[in-house]
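Accompanying notes for the structure given below.
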Amino acid sequence: MARAPLSPQQQRVAEHIHTVASLLRRDLADPDEYYAFDGGWSVYRNWMAAQGRPAPTMVDMLGFSDAQLRYELDRARSHAADQDRSNLLRHAPLELLRHAAQRRTRPFPARDGDVLKRMARRMHAAATSLDDVEGLLDMLARIDRRGKFLFTDPLVQGVPGEQARSVTYLDPMIRLYHRRGQWHRPLDDWRPRSHNRTRQFASLLRHLLADYDVPPFMDAVWFRNDKGSARYRDAWVHVARGKNIRTAKGLPMALSKRSAHALLDAPEELSMELAMKWAHLQGFGLTDRTLAALLASRWGKDFEDTEFWDSVARFLAANPLIAPDRIGPIVDYIYAQKFEGPVLLVDGDEVLRDDAPHPGFSMRGRNAAALLEQVEAWHGELAGTDRRKGKGKAVMDAEFARSGYRSLSDPERLNADETLHWRFVEILHEAELHEEGRRMRHCIYSYKAAIQAGRCSVWSLQTVRTGGPHAGEIKRKLTIEVTVSGRIDEARAKANRLPTGRSARLLRDWAALNRLTIAPFVLSEDS
């Protein structure tokens, strides 16, 4: 039986559906046939559902305005362009980078975690500072023919001053290309001897730049985007030329002959700064656990007052039975007594403080047990501080910038009616930070200035009940400090206990989700 002719409104909708669906799939039937858009209709509805949008009925669509139909068509074109770029990405990544460098390819969204898409964004952003884009692309092509590390996820993560998830192998390649005047050997002579991506990258660095051996931990400096990191790459080349690290310019601390020798054996997972501190502390007689805990504390990022902090290291060496999980709180207490007075005023990035209560604080004659009691008493005072105590501007009104890390939730079924939802919550208000420290009985409130300055973010692992008589009940399980470098430096349960059980497992899962590293001794050996 012949079909009834389409009304003008029906014809308009039919053509729209077929056009949208054809952009999403190129193999649809001829739109001139009335029911040809049946297949297109399912494509269209599935596309709407994938975007989390309710698919309209045919009756709804007959009432759509021209503006609504144009909006749908624009979205379909954008989606089709993304699909084309994805196809290019899978089959010709170097061509994608060429398009990105020539700014012919729109940058992928920042939320997209695919390493190749991040490389396209990086190339798009770097194109203006490159004097020879084709030369760089030719270098990448020659490297990719011999090695297979270029388009893989970066191994080095958590470098100071840079969110680890934004670093790819393209960053060090651009830096190597800028230093091509320092190359000692032709690129075409490079032949990797390993299938391991880390070893391939290390061998490329040494083939192009090194006459002498360079400690493996130093390779991480090629991934760093933070301000001033070029001095560490200069130091890498300095050592590769056979010169002593002690004569390299711009390093944050001076090294003795003994420390410079120890630096050659620094653990690969340490940043340049922490490796230098690790080498400096080798002669103090610290246990490995104490040394790692000291590096993970606030002092690990501080290069001031070296003589005083040497006295702290000697004190810890003389008291090896101080548990590693107490060293972080001890360091926080020392900062609060000797170096940091209470906050009086916060104005943007500027923090005005009162004088430190005990600027003459010294480790001479200190008793370990008495010091630990003082630390505990200070924690109690900090947790009990009046919410409005302080001079000048009320100090509990500050808000903190979001770090950009993703949360994680994990449901735990308690019974047929009740579920315990574990979740990671970023602390974004000063009052919440104070409340976190008060309820968890630790000193996280002392991190306020560091959070405001953008040096770290603080998260709370919490549980909330749904169903049953305790529905809505919230309990805090863990407080977590994440540095701007993408490393979890602190994670404490109530009263400064280390994470255990489900809390420890979820902390690892959350770190993996956000590509965060976890500092030594954040987790106990049996967690």
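Take the position in the sequence shown, starting the count at 1, then add 48; the result is the number in the working numbering.
Every residue gets a Cβ at the ideal spot worked out from N, C-alpha and C, and that includes glycine.
Fair warning: this is a prediction, and the values are worked out from it, not measured in the lab.
- Ile528 places its beta carbon less than 7 Å from that of Ala539.
- Under the DSSP definition of a beta bridge, Pro459 partners with His469.
- Closest in alpha carbon position to Asp402, among Ala417, Arg414, Lys386, Glu484, is Lys386.
- Taking C-alpha positions only, Tyr495 is separated from Ser551 by approximately 22 Å.
- Ranked by Cα distance from Arg289, the options Asn415, Met109, Leu253, Leu164 are led by Leu253.
- Sorting Ala361, Arg545, Arg471 by C-alpha distance to the C-alpha of Trp558 places Arg471 at the top.
- In the structure shown, Val262 falls within a coil segment according to DSSP collapsed to helix, strand and coil.
- Beta-carbon to beta-carbon, Trp326 and Leu339 are separated by about 7 Å, close enough to satisfy the 8 Å threshold.
- Leaving aside the five residues that flank Ala149 on each side, the residues in its chain whose CB is nearer than 6 Å to its CB run, in chain order, Met171, Ala175, Val181.
- Following the DSSP letters along the chain, one finds Ile528 inside the beta strand (DSSP E) bounded by residues 522-531.
- Nearest neighbour of Ser90 by Cα position, chosen from Ala567, Trp238, Ala69, turns out to be Ala69.
- The count of Cβ pairs closer than 8 Å, one atom from the segment 507-527 and one from the segment 359-373, stays below three, leaving the stretches out of contact.
- Comparing C-alpha distances from His226 to each of Ala250, Tyr260, Val215, Asp282 shows the shortest one belongs to Asp282.
- With 16 or more other CB atoms across the displayed protein chains lying within 10 angstroms of its CB, Gln500 is buried.
- The Cβ atoms of Ile475 and Ala416 lie no closer than 7 Å to each other.
- The beta carbon of Arg346 sits closer than 7 Å to the beta carbons of Val379, Asp380, Tyr383 from its chain, once the five residues preceding and following it are set aside; these are given in chain order.
- If you keep only unbroken alpha helix (DSSP H) runs of at least 4 residues inside the segment 477-513, you get 478-488, 496-500.
- Taking each of Gly331, Leu110, Leu554, Thr200 in turn and checking the Cα distance to Gln248, the smallest one comes out for Thr200.
- With respect to the C-alpha of Leu555, the residue from Arg454, Cys491, Ser126, Tyr493 having the closest C-alpha is Arg454.
- Between the alpha carbons of Ala168 and Leu145 lies a gap of roughly 5 Å.
- DSSP, reduced to helix, strand and coil, places Ala288 within a helical segment of the structure shown.
- For Thr200, the three-state secondary structure derived from DSSP is coil.
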